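A short write-up of the structure that comes next.
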Amino acid sequence: MLNGLWLGFFIVAAVSAMAQWLIGGNAGIFAAMVESIFAMAKLSVEVMVLLFGTLTLWLGFLRIAEKAGIVEWLAKALGPLFLRLMPEVPAGHPAIGLITLNFAANGLGLDNAATPIGLKAMKALQELNPSATIASNAQILFLVLNASSLTLLPVTIFMYRAQQGAPDPTLVFLPILLATSCSTIVGLLSVAFMQRLRLWDPVVLAYLIPGALALGAFMALLGTLSATALAGLSSILGNLTLFGLIMVFLIIGAMRKVKVYEAFVEGAKEGFDVAKNLLPYLVAMLCAVGVLRASGALDFGLDGIRHLVEWAGWDTRFVDALPTAMVKPFSGSAARAMLIETMKTSGVDSFPALVAATIQGSTETTFYVLAVYFGAVGIQRARHAVGCALLAELAGVLGAIGVCYWFFG
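Under full-length UniProt numbering, think of the first position of the sequence shown as 1, with each following residue one higher.
Given below as structure tokens:
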């Protein structure tokens, strides 16, 4: 799928350039495309410089959190909830611990730890699955919640904004938090509807009601603030949360006799290796997106959508952020390239760039997650997993657009 998407960018760009040359008489279009390739290759390296530092720093602190037992504690805290949401999984089964550990790791931004844990959880659920090729209810719920992008601290989004010169990289913290809440809630409700889950179970309500009340009260408070105050609050909370988590990791680690410096260095080494491996993918996608933009194909497609939006009587500023939303279900690297290109073209704190950053932080690579998680256990029939996951994805995109108009519009 990723090969076809990448190749398609170049083919569409070539067709668009030929049309501009033969029909529009624009002979300079090819020079612009070649220039864009080299410019995007240079931008890729510039992005990687900060990416090395950010991933090294953050994975170092997260390794302290792992060794301090914070992730395991979160797993235990979430265990009773998943026992009710997945009634076919017996109490005490290893899958429950792996599932809760996976979500705890996702919430803290431990992507590298979350994926292997998630694959182990899917394999444990497959042991309980009466079919070798048809997804069980528990597997579908687990996958859809993974695909709903339940991330509470989008550090990588902050990093990309910082690299592009944003004076306040955490400005989108609250919009992403609210938008990802939309995608997760819709994902859970859609699966609950399809599987007739008892969300009114006392234990489930004990988890969901306080969370819903807290979210509702928080949104009611936000509703009393002006757009300027909202942006300021998002900045304060984003920076306070990030630094506060670092201090919590360090203090709990020290209290539990973790050698925090050695643990940090151990995790930082992993961060360096992860960042190093990302460079080829970043170069590939940024160059493909740059060619697509330089050929005029991307602008042509966006202009068509913009005319439809204008015809409907809506504001069109969000349209320039849609490329990120359109490719995100297929490829995280392509969406990342679209986000960086939007920030570069429109300005890092422009409305389209803020919307694109919020979309990137509140949605997931749905088809990639489906392929990896189900492919690992040989599932061929996904049942309602695809529909529920895409519904959660749509909720995240619409939520991101709506929240950004609320905060920045």
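Note that beta-carbon positions come from the ideal geometry of N, C-alpha and C, so glycine has one too. Only a predicted model underlies this, so the values are computations on that prediction, with no experimental measurement involved.
Is residue 134 helix, strand or coil when you go by DSSP? By 1-based counting over the sequence shown, the position of residue 134 is 134. The answer is strand: DSSP assigns residue 134 an E or B state.
Under 8 Å Cβ to Cβ from residue 88, same chain only, skipping five residues before and after it: list those, please. As a first step, residue 88 is located in the sequence shown; it is residue number 88 there, counting from the start. So the qualifying residues of the chain are 128, 136, 137 and 138.
According to DSSP, is residue 196 part of a helix, a strand, or is it coil? Here the question's residue 196 lines up with position 196 in the sequence shown. The answer is coil: DSSP assigns residue 196 none of H, G, I, E or B.
Could you name each continuous alpha helix (DSSP H) segment of 4 residues or more that falls completely within the segment 11 to 73, going from the start of the chain to the end? 29 to 67
Going by C-alpha to C-alpha distance, which of 95, 334, 37 and 65 sits closest to residue 261? Translated into the one-based positions of the sequence shown, residue 261 becomes position 261. If we check each option's Cα against that of residue 261, 65 comes out closest.
So, is residue 29 buried or exposed, given that buried needs 16 or more other C-beta atoms within 10 angstroms? Taking the first residue of the sequence shown as position 1, residue 29 is located at position 29. Buried, by the Cβ-count rule.
Have a look at the DSSP bridge pairing and note the partners of residue 381. Mapped onto the sequence shown, residue 381 falls at position 381. Note: residue 381 sits in a beta bridge opposite 134.
Report yes if the CB atom of residue 389 is closer than 9 Å to the CB atom of residue 187, and no otherwise. Position 389 of the sequence shown, counted from the first residue, corresponds to residue 389. Position 187 of the sequence shown, counted from the first residue, corresponds to residue 187. In contact: residue 389 and residue 187 (Cβ atoms closer than 9 Å).
Taking a contact to mean a Cβ-Cβ separation below 9 Å, would you say residue 340 touches residue 160 in this structure? Taking the sequence shown and counting its residues from 1, the one referred to as residue 340 is at position 340. Taking the sequence shown and counting its residues from 1, the one referred to as residue 160 is at position 160. Cβ atoms of residue 340 and residue 160: closer than 9 Å.
Exposure label - residue 212; buried when at least 16 CB within 10 Å: Residue 212 sits at position 212 when you count from the first residue of the sequence shown. Using a 10 angstroms sphere on the CB of residue 212, the tally of other CB atoms stays under 16, which defines it as exposed.
In the structure shown, what three-state DSSP assignment does residue 87 receive? In the sequence shown, residue 87 corresponds to position 87, counting from 1. In this structure, residue 87 counts as coil in the three-state DSSP scheme.
According to the Cβ coordinates, are residue 337 and residue 285 closer than 9 Å? The residue given as residue 337 occupies position 337 in the sequence shown. The residue given as residue 285 occupies position 285 in the sequence shown. Yes; because the gap between Cβ atoms is below 9 Å, this pair is in contact.
Return helix, strand or coil for residue 364, following the three-state DSSP convention. For the purposes of this step, residue 364 is taken as residue 364 along the sequence shown, with counting starting at 1. In this structure, residue 364 counts as coil in the three-state DSSP scheme.
May I have the straight-line CA-CA distance separating residue 82 from residue 206, to the nearest angstrom? Here residue 82 corresponds to residue number 82 of the sequence shown, with the count starting at 1. Here residue 206 corresponds to residue number 206 of the sequence shown, with the count starting at 1. Taken atom to atom, the span from the alpha-carbon of residue 82 to that of residue 206 is near 12 Å.
Given that a residue counts as buried once 16 or more other Cβ atoms are within 10 Å of its Cβ, and exposed if not, what is residue 317? Locating residue 317 in the sequence shown gives position 317, counting from the first residue. Counting Cβ neighbours within 10 Å, residue 317 comes out buried, since at least 16 surround it.
Output yes or no for whether 9 Å exceeds the beta carbon distance between residue 320 and residue 356. Position 320 of the sequence shown, counting from 1, holds the residue named residue 320. Position 356 of the sequence shown, counting from 1, holds the residue named residue 356. Yes. Within cutoff.
N-terminal and C-terminal residue of the alpha helix (DSSP H) that residue 148 is part of: Numbered from its first residue, the sequence shown carries residue 148 at position 148. Note, residue 148: premise wrong, no alpha helix (DSSP H); not H, not E.
Starting from the Cα of residue 398, find the closest Cα among 79, 322 and 102 and give me that residue. In the sequence shown, residue 398 corresponds to position 398, counting from 1. Nearest option by C-alpha distance: 322.
Count the other C-beta atoms from every protein chain shown that fall within 10 angstroms of the C-beta of residue 300, then say buried if there are 16 or more, exposed otherwise. The sequence position of residue 300 within the sequence shown is 300, counting from 1. By the 10 Å Cβ count, residue 300 comes out exposed.
Verify whether the separation of the beta carbon atoms of residue 334 and residue 343 is less than 9 Å. To locate residue 334, count along the sequence shown from 1; it is residue 334. To locate residue 343, count along the sequence shown from 1; it is residue 343. Taking the C-beta atoms as reference points, residue 343 is found no nearer than 9 Å to residue 334.
Classify residue 332 as buried or exposed, calling it buried when 16 or more other Cβ atoms lie within 10 Å of its own Cβ. The count along the sequence shown starts at 1 and reaches residue 332 at position 332. Answer is buried; the Cβ neighbour count reaches 16.
Below 8 Å on the Cβ atoms is my contact criterion, and I expect residue 180 with residue 235 to pass it. Report the Cβ-Cβ distance as a whole number of Å. As a first step, residue 180 is located in the sequence shown; it is residue number 180 there, counting from the start. As a first step, residue 235 is located in the sequence shown; it is residue number 235 there, counting from the start. A Cβ-Cβ distance of about 18 Å is found for the pair residue 180 and residue 235, leaving them out of contact under the 8 Å criterion.
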